[in-house]
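Asker:
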Amino acid sequence: LEKGDYKKAQLLSKVEPDIGNVTSYSGFFTVNKECGSNLFFWFFPAQKKNWRDAPLILWLQGGPGASSMYGIFEEIGPFSSYEEGLKKRNSSWNIDNNLLIIDQPVGVGFSFTEKDCYPQNETDVGEDLYKAVVQFHELFPNFQKNKFFISGESYAGHYIPALGHTIHKYNPSASVKINLAAMAIGNGFSDAKTQLDYGNYLYYLGLIDDAGKKEYMRLYNDFLVAVEDEIWIEASNIQRAFIGYLYEEYVSHEVSLYNYLPGEPKEPQNWIQFLLSSETLKALHIGNLSYQSGFNTYNGLLYDIVQ
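Residue numbers for the sequence shown follow the numbering used here, so the first one is 6 and each next one is one higher.
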């Protein structure tokens, strides 16, 4: 790709054999040579339209530390995860649109850094993502004229504006211009002071009792004090408790973080085993790389999470 031979790079990134009878491309974009930092991508051309002319949608998972592979198999990708295996999804975003999935920041999923160069803030995140998006447009130069949409959920409420800002920063003088059309943020985590009032929310849903609400509100007040005093590490640790041990202690174990309706079936997530099979790793050009939990990425951004 650095030599300008994008056609050869496309051939090398082609996923073969096709997974789920869907054409796709995958590989790594080097975003920091000195650190050995690489972001894993999986690209699905539009299934129905002439994909070369269709819009390009980038999907980013949240966390921080959540792999965007979840979005492929459980939300918007061309496959669905079922107990008996994988099924083609009828309502995938990539039926009419090109869908680009990136595991990010480094240290999440298959994306990695060789020298522990984990991002410390959203500026770092935006810079790495921008470099990856530029390289994608070099790999598929036809997209320089197509509309580009940045989308995602949860903590991507931080990532998406960071990337959008970086694109606007560099676009005027860049040789590879990104035709950014819009950003879409689903249930975005972007205003911690307002959004972390879980005590009232869970109480009025009937998921916690008076004792649970009291404990949530106690910690929420501690959180507000920490934010006011700009003690960001303490504030982030309290935020983690809201969906960690407090949730386990006061909310029913049968209620999913992603679906509060009791009795609903939990997601089997058998796609993780499928993704880590030797056949899939080979097809995706991943080799023997480990699938990372995002723990180091989370800790790197700990100072920045609730700002």
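Note that CB positions come from ideal geometry on N, CA and C, so glycine has one too.
The structure displayed is predicted, hence computed values, not measured ones.
(1) Can you tell me whether Ser295 is buried or exposed, with buried defined as 16 or more other CB within 10 angstroms of its CB?
(2) Are the Cβ atoms of Gln125 and Tyr308 separated by less than 9 Å?
(3) Name the DSSP beta bridge partners of Glu39, please?
(4) For the segment 180–230, which segments carrying the beta strand (DSSP E) assignment without a break, of at least 3 residues, lie completely within its bounds, in sequence order?
(5) In the segment 58–127, which residue ranges form an unbroken beta strand (DSSP E) of at least 3 residues, counting only runs that do not cross its ends?
(6) Measure the C-alpha to C-alpha separation of Ile100 and Pro83 and round it to an integer number of angstroms.
(7) Over the uninterrupted alpha helix (DSSP H) stretch that includes Gly169, give me the two end residues.
(8) What span of residues does the beta strand (DSSP E) with Phe153 cover, start to end?
(9) Using alpha carbons as the reference points, say which of Ser96, Asp121, Phe145 and Val113 lies closest to Asp10.
(10) Roughly how many angstroms separate the alpha carbons of Val311 and Leu16, rounded to a whole number?
(11) Would the beta-carbon of Leu91 fall within 9 Å of that of Trp98?
(12) Going by the beta-carbon positions, is the gap between Ser31 and Thr118 smaller than 9 Å?
(13) In whole angstroms, what separates the C-alpha of Phe300 from that of Ser73?
(14) Looking at the structure shown, is Val20 part of a helix, part of a strand, or coil, going by DSSP?
(15) Are there three or more Cβ pairs, one per stretch, closer than 8 Å when the segment 164–183 is compared with the segment 128–140?
(16) What residue does the alpha helix (DSSP H) around Ile238 start on, and which one ends it?
(17) Using CA coordinates, which residue listed in Ser96, Gly70 and Ser85 is at the minimum distance from Ile107?
(18) I'd like to know whether the C-beta atoms of Ile190 and Gly204 end up nearer to each other than 9 Å.
(19) Figure out for me which residue from Asn192, Leu207 and Gln149 has the closest Cα to the Cα of Ala179.
(20) Would you call Val111 buried or exposed, if buried means 16 or more other Cβ atoms sit within 10 Å of its Cβ?
(21) What is the residue span of the alpha helix (DSSP H) that Ala288 lies within?
(22) Taking only the alpha-carbon atoms, compute the straight-line gap between Ala246 and Asn151 and give it to the nearest angstrom.
Answerer: Looking at the atomic coordinates:
(1) Taking the first residue of the sequence shown as position 1, residue 295 is located at position 290. Ser295 should be labelled exposed.
(2) Position 120 of the sequence shown, counted from the first residue, corresponds to residue 125. Position 303 of the sequence shown, counted from the first residue, corresponds to residue 308. Yes.
(3) Position 34 of the sequence shown, counted from the first residue, corresponds to residue 39. Glu39 is not bridged to any residue.
(4) 185–191
(5) 61–65, 84–87, 90–93 and 103–107
(6) In the sequence shown, counting from the first residue as 1, residue 100 sits at position 95. In the sequence shown, counting from the first residue as 1, residue 83 sits at position 78. Answer to the nearest angstrom: the Cα atoms are 8 Å apart.
(7) Start at 1 with the first residue of the sequence shown, and residue 169 comes out as number 164. Its alpha helix (DSSP H) spans residues Ala161 to Tyr175.
(8) For the purposes of this step, residue 153 is identified with residue 148 of the sequence shown, where counting begins at 1. Residues Phe153 to Glu158.
(9) Indexing the sequence shown from 1 puts residue 10 at position 5. Of Ser96, Asp121, Phe145 and Val113, the residue nearest in Cα terms is Phe145.
(10) Stepping through the sequence shown from its first residue, residue 311 is reached at position 306. Stepping through the sequence shown from its first residue, residue 16 is reached at position 11. Distance between the alpha carbons of Val311 and Leu16: 42 Å.
(11) Walking along the sequence shown from the start, residue 91 turns up at place 86. Walking along the sequence shown from the start, residue 98 turns up at place 93. Contact: no.
(12) Here residue 31 refers to the residue found at position 26 of the sequence shown. Here residue 118 refers to the residue found at position 113 of the sequence shown. Not closer than 9 Å, so no.
(13) Stepping through the sequence shown from its first residue, residue 300 is reached at position 295. Stepping through the sequence shown from its first residue, residue 73 is reached at position 68. Cα to Cα, the separation comes out at about 15 Å.
(14) For the purposes of this step, residue 20 is taken as residue 15 along the sequence shown, with counting starting at 1. Coil, per DSSP.
(15) yes
(16) Counting from one through the sequence shown, the residue named residue 238 turns up at place 233. Here the alpha helix (DSSP H) through Ile238 covers Trp237 to Phe247.
(17) As a first step, residue 107 is located in the sequence shown; it is residue number 102 there, counting from the start. Here the closest residue by C-alpha is Gly70.
(18) In the sequence shown, residue 190 corresponds to position 185, counting from 1. In the sequence shown, residue 204 corresponds to position 199, counting from 1. In this structure, Gly204 does not lie closer than 9 Å to Ile190 by Cβ.
(19) In the sequence shown, the residue the question calls residue 179 occupies position 174. The shortest Cα separation from Ala179 among Asn192, Leu207 and Gln149 belongs to Gln149.
(20) Mapped onto the sequence shown, residue 111 falls at position 106. Flag for Val111 reads buried.
(21) By one-based count along the sequence shown, residue 288 stands at place 283. It spans Ser283 to Ala288 - the alpha helix (DSSP H) in which Ala288 sits, taken as one unbroken run.
(22) For this step, residue 246 is matched to residue 241 along the sequence shown. For this step, residue 151 is matched to residue 146 along the sequence shown. Spanning the two alpha carbons is a distance of roughly 43 Å.
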